[in-house]
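Peer 1: The numbering used here puts the first residue of the sequence shown at 1, with every later residue one more than the last.
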Amino acid sequence: MTQRRKWTAIPGLFLLAIGAVVLSAYSGASSSQGNGPEQPIKFPHPKHAGSVAKGGLGLNCLYCHNNANKSADVGMPAVNTCMGCHASVTGTTEQGKAEIKKIVQYADYAGMGKNAKPIPWVRIHKVPEYVHFPHVRHVNAGVTCQSCHGPVQDMTKVYQYSSLNMGWCVNCHVNGYDPKEGQKAAGYDSVPPAHYSGGVPYGTPGSFAGIMTTGATKPTSASDSPAQAPGAPSTAATTPSSERRRARYDCAACHY
Ligand code: HEC
Ligand code: HEC
Ligand code: HEC
Ligand code: HEC
Ligand code: HEC
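1) Taking C-beta to C-beta, are Ile-124 and Gly-36 nearer than 9 Å?
2) Hey, quick one: how far does the alpha helix (DSSP H) through Ala-49 stretch, first residue to last?
3) Tell me the rounded alpha-carbon separation between Ile-119 and Tyr-106.
4) Check whether the segment 107-114 and the segment 79-88 touch, using three or more Cβ-Cβ pairs below 8 Å as the test.
5) Report yes or no: do the segment 58-74 and the segment 171-190 share at least 3 C-beta pairs separated by less than 8 Å?
6) Relative to the C-alpha of Met-166, which candidate in Pro-128, His-45, Lys-101, Leu-62 has its C-alpha closest?
7) Excluding the 5 residues flanking Lys-47 on each side, which residues of the same chain have their C-beta closer than 8 Å to its C-beta?
8) Can you tell me whether Arg-137 is helix, strand or coil according to DSSP?
9) Considering only heavy atoms of ligand 2, does any lie closer than 8 Å to the CB of Lys-70?
10) Assign Tyr-177 to one of three DSSP states: helix, strand, or coil.
11) Below 9 Å between beta carbons: does that hold for Arg-246 and Asn-175?
12) Quick one, are the C-beta atoms of Ile-41 and Lys-117 less than 9 Å apart?
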């Protein structure tokens, strides 16, 4: 190889290497999809966030994950969020009672919280440090939790539903997102929520079927909004659905 040829080969090899790395991130060879570890307390989402029809309490996801629509990171509910109910709800089954007792111990209820400790929940979903993922931008754009996390309200034990790899992110950013898809993922597609008052059959394009569009009648109060069903962030009601929501997909959007 001549000196000149060698020098032109180097950038070529460099590009190849970058290409391979990007491709592996894109298809997620190292994805931890499906991972669902044991938790320090057997917390059942179906009991809390599951629909009332299925015997759940129908709590909104934001009741516990109350930073999802405010900040980049969601974080875990504080033990006091649990104690709001579990100071008095002690459980009915033997197993339930034993698990709830653990909450009371973490909260140090007996010692008035002097030695309270956060519950050491095992983190499941995590993107690498060099990836910028702002929850708030997605939640406020009407992307339902279930579009990305799957039907958590029915999961006895939470597991990573989506790959979270680069191809998965970019795919939605390029193709765009229609809140109706999220409604479907959230399990409300053709089932009108109890308080649906849209005036047109639920799911009619251009109407607000849990999704607000220009010209459609607004829900009269927050509690009338179908978005109050578990999983649907209340802000979904202000998202226009006539157009797919597209997002930036230049490298700097997610990698600063
Ligand atoms: C009563 C409080 C509560 C409600 C309501 C609730 N969660 Fe959770 N969530 C938790 C707790 C506690 C954990 C940690 C234990 C576990 O993984 O089960 C958790 C874990 C998670 C995780 C995994 C976090 C990780 O480590 O990556 C996801 C995702 C999640 N919840 C989504 C949801 C969604 C979506 C809803 C609404 C359908 C919801 N949660 C409703 C309390 C709640
Ligand atoms: C666009 C996809 C997407 C949507 C929508 C989404 N999440 Fe997430 N979620 C993720 C990703 C990606 C991570 C990992 C983020 C990271 O590592 O910084 C994550 C992490 C989490 C975690 C663990 C965070 C922690 O700090 O331990 C919880 C809990 C969670 N999400 C709950 C929710 C809830 C509740 C909603 C709806 C209100 C929601 N997510 C909506 C993609 C999403
Ligand atoms: C809005 C009230 C409310 C909140 C907040 C709440 N729970 Fe519960 N939880 C309940 C009710 C009601 C039951 C059913 C108790 C029964 O079986 O009688 C229950 C049951 C449970 C059980 C037992 C399940 C079983 O197998 O019987 C566990 C464990 C539990 N909750 C953990 C938690 C944790 C951890 C948190 C905080 C992240 C939390 N709960 C927050 C109301 C709540
Ligand atoms: C289901 C669709 C969907 C998925 C999956 C998704 N996003 Fe998004 N993302 C959106 C939408 C819609 C917006 C636009 C929000 C807006 O317009 O305000 C957005 C906005 C963003 C923004 C803000 C961009 C800006 O304009 O500054 C970042 C950063 C981002 N997403 C990162 C990610 C990353 C990282 C992942 C994967 C871990 C991901 N997203 C997965 C739909 C998605
Ligand atoms: C919508 C968000 C998003 C955009 C846009 C994006 N990336 Fe990524 N990128 C990610 C995520 C998420 C990961 C982590 C993937 C994983 O953990 O499997 C990643 C990982 C990577 C990695 C690390 C691969 C590895 O295996 O270590 C490289 C390199 C990379 N991206 C380059 C790029 C380049 C170059 C662009 C522009 C063409 C780009 N990214 C645009 C979300 C994005």
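Where a beta carbon is used, it is the ideal one built from N, C-alpha and C, also for glycine.
Peer 2: To lay it out plainly:
1) As a working note, residue 124 is residue 124 in the sequence shown. As a working note, residue 36 is residue 36 in the sequence shown. Yes, they are a contact pair.
2) As a working mapping, residue 49 is identified with position 49 in the sequence shown. Taken as a continuous stretch (DSSP letters only), the alpha helix (DSSP H) holding Ala-49 covers 45-49.
3) Counting from 1 along the sequence shown, the entry for residue 119 is found at position 119. Counting from 1 along the sequence shown, the entry for residue 106 is found at position 106. Going from the Cα of Ile-119 to the Cα of Tyr-106 covers about 6 Å.
4) yes
5) no
6) Taking the first residue of the sequence shown as 1, we reach residue 166 at position 166. The residue with the shortest Cα to Cα distance from Met-166 is Pro-128.
7) In the sequence shown, counting from the first residue as 1, residue 47 sits at position 47. Closer than 8 Å at the Cβ level, and outside the excluded window around Lys-47, lie Gly-55, Gly-56, Leu-57.
8) In the sequence shown, the residue the question calls residue 137 occupies position 137. Arg-137: helix per DSSP, three-state reduction.
9) Taking the first residue of the sequence shown as position 1, residue 70 is located at position 70. It does not: the Cβ of Lys-70 is nowhere closer than 8 Å to a heavy atom of ligand 2.
10) As a position in the sequence shown, residue 177 is number 177, starting the count at 1. Of the three classes helix, strand and coil, the one that applies to Tyr-177 here is strand, per DSSP.
11) Residue numbering aside, residue 246 sits at position 246 when the sequence shown is read from its first letter. Residue numbering aside, residue 175 sits at position 175 when the sequence shown is read from its first letter. In contact: Arg-246 and Asn-175 (Cβ atoms closer than 9 Å).
12) Walking along the sequence shown from the start, residue 41 turns up at place 41. Walking along the sequence shown from the start, residue 117 turns up at place 117. For Ile-41 and Lys-117, no; Cβs fall outside 9 Å.
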